[in-house]
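**Student:** Using UniProt numbering, read the sequence shown as starting at 1 and increasing by one per residue.
Idealized CB from N, CA, C, for every residue including glycine.
This one's a predicted model, so the numbers in the text were calculated from it and none came from an experiment.
Take this structure, written in structure tokens, and hold onto it; I'll ask about it next.
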Amino acid sequence: MLSKPLSALTAETLECCGVTAALDVEGGMQVVSPVTGEVVAALATHSTADAARAIDTAAKAFRDWRLVPAPRRGELVRLYAEELRKSKDELGRMVSIEAGKSPSEGLGEVQEMIDICDFAVGLSRQLYGLTIATERPGHRMMETWHPLGVVGIITAFNFPCAPWCWNAALALVCGDPVIWKPSEKTPLTALACQAVFERAIARFGDAPDGLSQVLVGGPELGEALVDSPKVALISATGSTRMGRIVGPKVAARFGKCILELGGNNAGIVCPSADMDMALRAIAFGAMGTAGQRCTTMRRLFVHESIYDQLVPALKKAYASVTVGNPLESSALVGPLIDKAAFDGMQTALKEAAELGGSVHGGQREAVEGEAAYYVKPALVEMPEQTGPVLRETFAPILYVMKYSDFDPVLELHNDVGGGLSSSIFTTDLREMETFLSARGSDCGIANVNIGTSGAEIGGAFGGEKETGGGRESGSDAWRAYMRRATNTINYSSELPLAQGVVFDI
Ligand code: NAD
């Protein structure tokens with residue numbers, strides 16, 4: 001049992017992080033914890049005029065920050081990682097309070113922030129371009145990477161802080177100030193991250209004002225960032241619905257955009273799969289974080305020869321999984337974010353049943369009072385890929401389908417809007433390599449013998465099609481935060497023109 005009310009625990013946690021904002025503003029934006037459905041804070045919100053001011057401050061900061069040598073910029077991110085380590089427990093608890101994640105997943109999200117900071121620190125000495133052979137004698141051609149400008153970061157409720165840090169850590173070493181518009185459902189974690197960042201800034205010493213700012217409020221603040229020509233890059237994480245609005249607006253002003261949108265991720269279990277491993281990976285992928293990860297496994301294709309072995313075992317796992325208050329139990333599945341999420345889940349299950357689906361689980365669990373929405377994860381055996389199976393419902397529903405031949409199941413696998421994450425479970429080399437080949441999974445993430453969720457920092461994260469095409473975090477994702485210039489230097493005494501063009505005057 002919690003020894004104090006959730007609002008008191010929230011206030012205490014925020015205070016430990018150094019947050020000074022008033023949490024009980026009359027008429028302020030209410031922050032509800034999905035753990036109990038209680039209002040844990042009421043915050044003052046920013047106006048669009050505040051957003052415009054924040055953009056101007058960031059634009060001014062850019063003029064100085066771009067001139068700071070990249071390894072020195074990396075030092076700020078290194079200090080931030082140190083401060084994050086010190087506040088890991090409190091930040092993890094904030095994630096659990098605001099997003100309803102289990103303690104281990106809350107802490108895991110903060111660890112992801114630390115990991116990307118470490119990655120970015122190394123990167124701050126590796127922001128290099130190419131030297132390219134030129135056809136002209138006495139010339140040298142090279143490319144250089146320069147800071148891009150102000151980066152607007154819009155984030156979703158289900159990962160209240162890690163995706164911000166994926167962007168911010170890279171943007172800061174690349175020379176760009178950041179403005180963060182967190183989800184209106186999880187602003188407290190953002191304020192906590194910002195307070196911890198300010199400690200790093202204080203230790204750093206000479207950072208320009210407004211290097212990192214947070215805007216608290218609704219979508220209109222995201223729109224202010226999206227519409228401003230002073231924001232060079234918009235990195236937006238959220239639903240495909242949001243991306244359909246944001247993408248064209250940024251394109252219309254020739255801004256740059258990273259879109260990290262919804263997924264409809266699938267796994268394929270082949271006859272040779274290690275069944276025990278597949279079972280555990282599917283259970284975490286489909287039920288972990290109460291199905292509220294962009295990479296959650298939502299569809300499962302099982303070969304007919306093993307269907308009667310795997311699916312009953314899965315049903316057993318679904319029936320026995322623990323659902324409970326993440327702050328006072330060791331339950332594996334916490335709450336849905338709100339009533340709308342619960343309603344969306346029930347609608348999808350009803351539709352699936354009408355289309356011949358056999359639904360196991362999905363019912364509401366009386367874990368906390370009426371205002372909290374806990375559900376038993378649902379496994380739905382579907383006769384075919386149709387109806388709700390074709391879309392992302394942001395809740396723990398796994399649609400299971402039987403397949404007989406490999407090539408057609410690959411087609412079905414790719415025949416949805418989302419293109420984020422995918423998995424195959426097999427020990428057959430041909431199936432594995434085909435899945436990873438040009439005619440295999442069309443997703444940004446394609447895994448073998450692990451689930452669809454739980455990506456780590458070193459690789460580029462993102463997906464194709466309705467997932468938006470953006471890449472963040474590892475690999476060469478840093479390039480999106482910089483502008484490239486190609487430089488040709490003539491150190492000869494002649495002026496030869498490329499392609500043999502003659503222009504003698
Ligand atoms: P959402 O789209 O409702 O909101 C996301 C953010 O966008 C919020 O901060 C919101 O205020 C802002 N927003 C909404 N409309 C806007 C507009 N017109 N202009 C500017 N900003 C706007 O998403 P959500 O419910 O918070 O999150 C769940 C969704 O996010 C799921 O679809 C999930 O798959 C996706 N997601 C994707 C990734 C990824 O990396 N691909 C990661 C996490 C979540």
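Go ahead and label Thr488 buried or exposed: buried means 16 or more other beta carbons lie within 10 angstroms of its beta carbon, across all protein chains shown.
**Tutor:** By 1-based counting over the sequence shown, the position of residue 488 is 488. By the neighbour-count rule (16 or more Cβ atoms within 10 Å), Thr488 is not buried but exposed.
**Student:** What are the partner residues of Arg464, as DSSP defines its beta bridges?
**Tutor:** If you number the sequence shown from 1, residue 464 lands on position 464. As written in the sequence, residue 464 is Glu, which differs from the Arg given in the question. In DSSP, Glu464 forms a bridge with Gly419.
**Student:** Taking the alpha helix (DSSP H) that His413 falls in, what are its first and last residues?
**Tutor:** One-based indexing of the sequence shown puts residue 413 at position 413. Its alpha helix (DSSP H) spans residues 406 to 414.
**Student:** Does any residue of chain D have a CB that is nearer than 9 angstroms to the CB of Lys376?
**Tutor:** The question asks about chain D, but that chain is absent: this structure has only one protein chain.
**Student:** Are there 16 or more other CB atoms within 10 angstroms of the CB of Gln213, so buried, or fewer, so exposed?
**Tutor:** Taking the first residue of the sequence shown as position 1, residue 213 is located at position 213. With 16 or more other Cβ atoms within 10 Å, it is buried.
**Student:** Take Gly458 as the anchor and find which of Ala341, Trp478, Asn449 has the nearest alpha-carbon.
**Tutor:** If you number the sequence shown from 1, residue 458 lands on position 458. It is Trp478 whose Cα lies nearest to the Cα of Gly458.
**Student:** Which value, in whole angstroms, describes the spacing of the CA atoms of Ile234 and Ile505?
**Tutor:** As a first step, residue 234 must be located in the sequence shown, where it is residue number 234. As a first step, residue 505 must be located in the sequence shown, where it is residue number 505. Looking at the two C-alpha atoms, the distance is approximately 47 angstroms.
**Student:** Using 8 angstroms as the cut-off, classify the Cβ of Asn414 as near or not near the heavy atoms of the ligand NAD, replying yes or no.
**Tutor:** Residue numbering aside, residue 414 sits at position 414 when the sequence shown is read from its first letter. No.
**Student:** So the candidates are Asp24, Trp145, Glu112; which of them puts its Cα closest to the Cα of Arg484?
**Tutor:** Working through the sequence shown from its first residue, we reach residue 484 at position 484. Considering only alpha carbons, the answer is Trp145.
**Student:** Indicate the three-state DSSP secondary structure (helix, strand or coil) for Ser320 in the structure shown.
**Tutor:** Looking up residue 320 in the sequence shown gives position 320. Here Ser320 sits in helix by DSSP.
**Student:** Find out if the Cβ-Cβ distance for the pair Val250, Val151 is shorter than 9 angstroms.
**Tutor:** Residue mapping note: residue 250 aligns to position 250 of the sequence shown, counting from 1. Residue mapping note: residue 151 aligns to position 151 of the sequence shown, counting from 1. Cβ distance not < 9 angstroms, so Val250 and Val151 don't count as in contact.
**Student:** Go ahead and label Tyr374 buried or exposed: buried means 16 or more other beta carbons lie within 10 angstroms of its beta carbon, across all protein chains shown.
**Tutor:** To locate residue 374, count along the sequence shown from 1; it is residue 374. Answer is buried; the Cβ neighbour count reaches 16.
**Student:** Could you give the first and the last residue of the continuous beta strand (DSSP E) run that contains Glu381?
**Tutor:** In the sequence shown, the residue the question calls residue 381 occupies position 381. That run of the beta strand (DSSP E) goes 378 to 381.
**Student:** Could you say if the segment 429 to 438 and the segment 461 to 475 meet the contact criterion of at least three C-beta pairs nearer than 8 angstroms?
**Tutor:** As far as the Cβ criterion goes, the segment 429 to 438 does not touch the segment 461 to 475, which means the pair count is below three.
**Student:** Within 8 angstroms: the Cβ of Thr48 and any heavy atom of the ligand NAD?
**Tutor:** Indexing the sequence shown from 1 puts residue 48 at position 48. No, Cβ of Thr48 sits at least 8 angstroms from all heavy atoms of the ligand NAD.
**Student:** Drop a sphere of 10 angstroms on the beta-carbon of Leu261, count the other beta-carbons inside from all chains shown, and report buried for 16 or more, exposed for fewer.
**Tutor:** The sequence position of residue 261 within the sequence shown is 261, counting from 1. It counts as buried.
**Student:** Going by DSSP, what residues sit across from Trp180 in a beta bridge?
**Tutor:** Looking up residue 180 in the sequence shown gives position 180. BP columns for Trp180 point to Ile153, Val214.
**Student:** Using CA coordinates, which residue listed in Val68, Val178, Asp24, Leu91 is at the minimum distance from Ile154?
**Tutor:** By one-based count along the sequence shown, residue 154 stands at place 154. Looking at the Cα atoms, Val178 is the closest of the given residues.
**Student:** Just verifying my parser: in three-state terms, what is the DSSP assignment at Asp442?
**Tutor:** In the sequence shown, residue 442 corresponds to position 442, counting from 1. DSSP places Asp442 in coil when its eight states are reduced to three.
**Student:** Just checking my contact of Gly18 with Arg199 at CB under 8 angstroms: how many whole Å lie between their CB atoms?
**Tutor:** Taking the sequence shown and counting its residues from 1, the one referred to as residue 18 is at position 18. Taking the sequence shown and counting its residues from 1, the one referred to as residue 199 is at position 199. That pair is a contact at about 6 angstroms.
**Student:** By how many angstroms is the C-alpha of Gly74 removed from the C-alpha of Val409?
**Tutor:** Counting from 1 along the sequence shown, the entry for residue 409 is found at position 409. Counting from 1 along the sequence shown, the entry for residue 74 is found at position 74. The alpha-carbon atoms of Val409 and Gly74 are separated by roughly 46 angstroms.
**Student:** Among the residues of its own chain, which have a CB less than 6 angstroms from the CB of Gly470, if the five just before and after it don't count?
**Tutor:** Numbered from 1 along the sequence shown, position 470 holds the residue referred to as residue 470. So the list reads Ile258, Leu259, Glu260, Gly462, once near-sequence residues are dropped.
**Student:** Smallest Cα separation from Pro326: which of Val501, Gly92, Ala70, Lys101?
**Tutor:** Here the question's residue 326 lines up with position 326 in the sequence shown. When each option's Cα is compared against that of Pro326, the closest is Lys101.
**Student:** Find the nearest neighbour of Asp308 within the set Asp476, Lys256, Gly28, Val269, judged by alpha-carbon distance.
**Tutor:** For this step, residue 308 is matched to residue 308 along the sequence shown. Asp308 has its Cα closest to that of Val269, out of Asp476, Lys256, Gly28, Val269.
**Student:** So, helix, strand or coil for Arg293, using DSSP?
**Tutor:** Residue 293 sits at position 293 when you count from the first residue of the sequence shown. Of the three classes helix, strand and coil, the one that applies to Arg293 here is coil, per DSSP.
**Student:** Can you determine whether any heavy atom of the ligand NAD sits closer than 8 angstroms to the C-beta of Phe461, and answer yes or no?
**Tutor:** Here residue 461 refers to the residue found at position 461 of the sequence shown. Because some heavy atom of the ligand NAD lies under 8 angstroms away, the Cβ of Phe461 counts as near it: yes.
**Student:** Whose C-beta lies closer than 8 angstroms to the C-beta of Val35 among residues of the same chain, with five residues either side of it excluded?
**Tutor:** Translated into the one-based positions of the sequence shown, residue 35 becomes position 35. So the list reads Leu6, Ser96, Ile97, Gly100, Asn325, Pro326, Leu327, Gly334, Pro335, Glu368, Ala372, once near-sequence residues are dropped.
**Student:** Is Asn325 helix, strand or coil by DSSP?
**Tutor:** As a first step, residue 325 must be located in the sequence shown, where it is residue number 325. If DSSP states are grouped into helix, strand and coil, Asn325 belongs with coil.
**Student:** If you drop the 5 nearest sequence neighbours on each side, which residues of the same chain put their C-beta closer than 8 angstroms to that of Gly210?
**Tutor:** Taking the first residue of the sequence shown as 1, we reach residue 210 at position 210. Ala54, Thr57, Ala58, Lys60, Ala61, Pro177.
**Student:** Measure from the alpha carbon of Lys376 to the alpha carbon of each residue in Ala498, Ala207, Leu332, Ile201, then state which is nearest.
**Tutor:** As a first step, residue 376 is located in the sequence shown; it is residue number 376 there, counting from the start. Comparing Cα positions, the closest option is Leu332.
**Student:** Going by DSSP, what residue range makes up the alpha helix (DSSP H) through Asn167?
**Tutor:** In the sequence shown, residue 167 corresponds to position 167, counting from 1. Start and end: 162 to 174.
**Student:** Going by DSSP, what residues sit across from Cys257 in a beta bridge?
**Tutor:** Locating residue 257 in the sequence shown gives position 257, where the first residue counts as 1. Cys257 pairs with Ile234.
**Student:** Along the beta strand (DSSP E) that carries Glu143, what are the first and last residues, could you check?
**Tutor:** On the sequence shown, residue 143 is found 143 positions in, with the first residue counted as 1. 139 to 147 is the span of the beta strand (DSSP E), which, as asked, contains Glu143.
**Student:** If you compare alpha carbons, which of Glu370, Ala395, Ala353 is closest to Met382?
**Tutor:** Taking the first residue of the sequence shown as 1, we reach residue 382 at position 382. Closest by alpha carbon: Ala353.
**Student:** According to the Cβ coordinates, are Gly291 and Ile397 closer than 9 angstroms?
**Tutor:** Locating residue 291 in the sequence shown gives position 291, where the first residue counts as 1. Locating residue 397 in the sequence shown gives position 397, where the first residue counts as 1. Yes.
**Student:** Can you find a heavy atom of the ligand NAD that lies under 8 angstroms from the Cβ of Gly263?
**Tutor:** Position 263 of the sequence shown, counting from 1, holds the residue named residue 263. The answer is yes for Gly263.
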